[in-house]
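Heads up: the sequence shown begins at 89 in this note's numbering, then just goes up one per residue.
Yeah, the Cβ is synthetic: ideal placement off N, Cα and C, and Gly gets one too.
Here is the structure we will look at.
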Amino acid sequence: MSLDKGSVGKTNFIEEHGLWSQDMKRLSLEIIEQVKKDNLQTIRIAWGDQHGIVRGKNVMAKDFIQSLDNGIDFQTATLFFDTTNNMFAPMFEPDAGIGMPELSGGPDAILVPDPTSFRILPWAHKTGWILSDMHFQSGKPCPFDTRNILKRILKELKTKQWTYVVGIEIEFYITKLIDKMLQPEQSGWPPEPPKVNMIAHGFQYLTEDRQDEIAPILDILQQNIEELGLPLRTIEDEWGPGQCEFTFDPRDGLQAADNLLLFRTAVKQICRRNELHASFMTRPGLPNFFSSGWHLHQSIFDESRKNNLFVNYSKSKAPLSDIGMNFMGGILEHTSAATAFSTPTINGYKRYAPNSFAPNYINWASEHRGALIRVLGGPNDPGTHIENRAGEPCANPYLYMASQLAAGLDGIKNETNPGKPDSKPYQSENTLLPRNLNESLEALERNELFKQKFTKQFINYFIQLKSSEIQRFESYVTDWEHREYFEVF
Numbered sequence: 089m090s091l092d093k094g095s096v097g098k099t100n101f102i103e104e105h106g107l108w109s110q111d112m113k114r115l116s117l118e119i120i121e122q123v124k125k126d127n128l129q130t131i132r133i134a135w136g137d138q139h140g141i142v143r144g145k146n147v148m149a150k151d152f153i154q155s156l157d158n159g160i161d162f163q164t165a166t167l168f169f170d171t172t173n174n175m176f177a178p179m180f181e182p183d184a185g186i187g188m189p190e191l192s193g194g195p196d197a198i199l200v201p202d203p204t205s206f207r208i209l210p211w212a213h214k215t216g217w218i219l220s221d222m223h224f225q226s227g228k229p230c231p232f233d234t235r236n237i238l239k240r241i242l243k244e245l246k247t248k249q250w251t252y253v254v255g256i257e258i259e260f261y262i263t264k265l266i267d268k269m270l271q272p273e274q275s276g277w278p279p280e281p282p283k284v285n286m287i288a289h290g291f292q293y294l295t296e297d298r299q300d301e302i303a304p305i306l307d308i309l310q311q312n313i314e315e316l317g318l319p320l321r322t323i324e325d326e327w328g329p330g331q332c333e334f335t336f337d338p339r340d341g342l343q344a345a346d347n348l349l350l351f352r353t354a355v356k357q358i359c360r361r362n363e364l365h366a367s368f369m370t371r372p373g374l375p376n377f378f379s380s381g382w383h384l385h386q387s388i389f390d391e392s393r394k395n396n397l398f399v400n401y402s403k404s405k406a407p408l409s410d411i412g413m414n415f416m417g418g419i420l421e422h423t424s425a426a427t428a429f430s431t432p433t434i435n436g437y438k439r440y441a442p443n444s445f446a447p448n449y450i451n452w453a454s455e456h457r458g459a460l461i462r463v464l465g466g467p468n469d470p471g472t473h474i475e476n477r478a479g480e481p482c483a484n485p486y487l488y489m490a491s492q493l494a495a496g497l498d499g500i501k502n503e504t505n506p507g508k509p510d511s512k513p514y515q516s517e518n519t520l521l522p523r524n525l526n527e528s529l530e531a532l533e534r535n536e537l538f539k540q541k542f543t544k545q546f547i548n549y550f551i552q553l554k555s556s557e558i559q560r561f562e563s564y565v566t567d568w569e570h571r572e573y574f575e576v577f
């Protein structure tokens with residue numbers, strides 16, 4: 089132990105277990121120089137938890153530098169938290185309530201920073217930010233690290249010398265904080281939500297005046313997002329009051345997921361510093377607020393990233409190549425189960441409705457925003473790709489993307505036919521999307537592909553986690569029930 093250099097993690101943990109490539113080692117040296125040159129004082133070592141919520145530790149610069157050799161310890165109890173920080177399983181039992189004795193009692197594990205993800209946060213004073221991967225003290229990866237699940241499936245793709253390319257459209261709300269609800273009696277699990285007002289009336293989709301009305305905060309967000317180096321493409325005023333859509337240029341799968349995780353936490357922090365509240369909740373319980381979505385644009389390129397394997401260069405009239413059609417077929421085949429990852433909250437299912445710009449059935453169509461899978465482009469068009477319109481903005485990006493990639497690759501392997509395009513997506517004869525989270529979890533429990541690719545251990549963990557959320561919801565007496573029955577009966 090050195091008082092000058094700090095003391096974190098386990099000595100030489102990263103080297104001992106061979107956790108970094110040569111490129112990552114080189115990048116770590118560059119990061120150390122940048123920390124010193126910019127006189128950074130604090131680095132947030134962050135990770136995306138099982139919900140896709142960013143958690144992290146604020147580490148002093150000298151200790152962060154040592155974490156690039158040793159990693160840094162973290163409390164595994166966070167793996168047992170639902171969205172309110174309640175424990176969904178009895179962690180103190182011998183098997184921790186999830187069949188994992190290694191996690192009984194919430195022992196420390198090790199976060200290993202990923203040098204490819206390092207950023208300087210422009211809104212925070214002399215502060216850096218870096219993502220990390222979870223490892224047990226034995227060096228073994230934590231099976232509930234969702235980032236590692238995506239990395240594992242991407243490795244499978246790499247054996248084919250292919251690259252998963254993802255573009256993102258994500259919608260969310262910005263509201264003005266009126267009352268942060270910070271009285272002691274307003275705390276709890278969960279606390280009272282903040283009281284807010286609109287920042288604009290909405291209901292004028294893509295009008296320049298509405299966008300200019302909310303430009304003061306959009307300009308601040310744009311400046312910070314661009315300084316982070318995220319590939320921002322467009323900013324659009326959406327339908328609801330203060331509802332926005334940010335779109336991003338395509339990036340490789342892991343980078344796109346990392347970027348989305350950072351983007352959401354950046355937006356929330358920047359807005360809060362400006363007395364605003366940003367929410368990626370799908371359907372806020374506020375009058376005249378519409379649902380928000382997350383549309384995932386995806387394609388497969390060769391390793392050079394020059395050749396789009398979804399483009400149909402044959403004489404057939406199919407909108408996609410055979411690889412693209414089969415990839416889409418795999419996604420459609422596994423959609424009912426994958427919806428647990430694209431739409432992991434109870435609230436998210438309120439978005440699926442006819443004539444709503446959100447899907448209602450498991451189907452596909454070319455250039456149709458009512459279908460689940462929208463095909464963009466066509467024969468000989470190098471920009472051809474597919475868009476999954478099922479996702480909700482608060483989905484865990486690693487699980488959402490991993491589910492798409494695993495299903496798509498299964499479709500390619502089995503040459504799955506996606507069927508005919510649906511010319512009337514809202515009057516379809518195809519299967520309905522799951523109507524609620526419970527239906528999607530039931531489909532996930534039956535799905536052998538995800539048990540194989542995500543591991544059966546993780547699927548059981550995820551179902552137990554989300555089932556606990558459903559049980560809490562079902563035990564709650566809603567305002568609707570009270571109004572409906574209290575007087576009349």
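Suppose the cutoff is 6 Å on Cβ atoms and the five residues either side in sequence are ignored; what does the same chain contact list for residue i look like?
i	result
residue 293	327
residue 487	234 and 429
residue 37	An answer regarding residue 37 cannot be provided, because it is not within the stretch 89 to 577 covered by the chain.
residue 347	318
residue 458	513 and 514
residue 283	266 and 267
Give the range of the alpha helix (DSSP H) segment to which residue i is assigned.
i	result
residue 415	410 to 421
residue 402	It is not in any alpha helix (DSSP H) - residue 402 carries neither H nor E in the DSSP assignment.
residue 188	It is not in any alpha helix (DSSP H) - residue 188 carries neither H nor E in the DSSP assignment.
residue 538	536 to 541
residue 545	544 to 562
residue 488	485 to 502
residue 434	Per DSSP, residue 434 belongs to no alpha helix (DSSP H) and is neither H nor E.
residue 517	Counting along the chain, residue 517 falls outside any alpha helix (DSSP H), and DSSP gives it neither H nor E.
Using a Cβ-Cβ cut-off of 7 Å (strictly less than) and excluding sequence neighbours within five positions of residue i, which residues of its own chain qualify?
i	result
residue 238	341, 342, 345, 486, 489 and 490
residue 90	Because residue 90 sits at a pLDDT of 44, beneath the cut-off of 50, its placement in the model cannot be relied upon, and the following sentence gives the value as read from the coordinates. Hits under 7 Å: none found.
residue 417	499, 504, 505 and 506
residue 549	186 and 232
residue 201	133, 155, 156, 218 and 220
residue 535	422 and 425
residue 362	305 and 308
On the DSSP bridge list, what partners appear for residue i?
i	result
residue 251	389
residue 163	196
residue 576	BP columns for residue 576 are empty, so no partner.
residue 366	262
residue 453	462
residue 336	256 and 320
residue 123	DSSP output for residue 123 lists no bridge partner at all.
residue 218	133
residue 223	198 and 229
residue 169	175
residue 83	Coverage of the chain is limited to positions 89 through 577, which leaves residue 83 absent and any answer about it impossible.
residue 473	464
residue 213	DSSP lists no partner for residue 213.
residue 277	Per DSSP, none; premise fails for residue 277.
Going by DSSP in three states, residue i sits in which element: helix, strand or coil?
i	result
residue 360	helix
residue 350	helix
residue 478	strand
residue 568	helix
residue 206	coil
residue 143	strand
residue 283	strand
residue 292	coil
residue 331	strand
residue 325	strand
residue 510	coil
residue 128	coil
residue 103	helix
Work out the CA separation of residue j and residue i for me, nearest whole Å.
i	j	result
residue 132	residue 171	21 Å
residue 449	residue 522	9 Å
residue 433	residue 378	16 Å
residue 415	residue 565	43 Å
residue 296	residue 163	48 Å
residue 265	residue 274	16 Å
residue 98	residue 199	10 Å
residue 331	residue 403	43 Å
residue 245	residue 395	15 Å
residue 94	residue 121	With a pLDDT of 49 at residue 94, under the threshold of 50, the modelled position of that residue is not reliable, and no figure is offered here.
residue 393	residue 387	11 Å
residue 269	residue 281	7 Å
residue 547	residue 541	10 Å
Taking the beta strand (DSSP E) that residue i falls in, what are its first and last residues?
i	result
residue 307	That residue, residue 307, is in no beta strand (DSSP E); its alpha helix (DSSP H) goes 303 to 315.
Might you give, ordered along the chain, the residues of its own chain that have their beta carbon closer than 8 Å to the beta carbon of residue i, omitting 5 neighbours on each side?
i	result
residue 484	136, 138, 139, 140, 234, 429 and 432
residue 279	269
Closer than 7 Å: is that where the CB of residue i sits relative to any heavy atom of the ligand ZN?
i	result
residue 539	The ligand ZN is absent from the structure shown, which contains no ligands of any kind.
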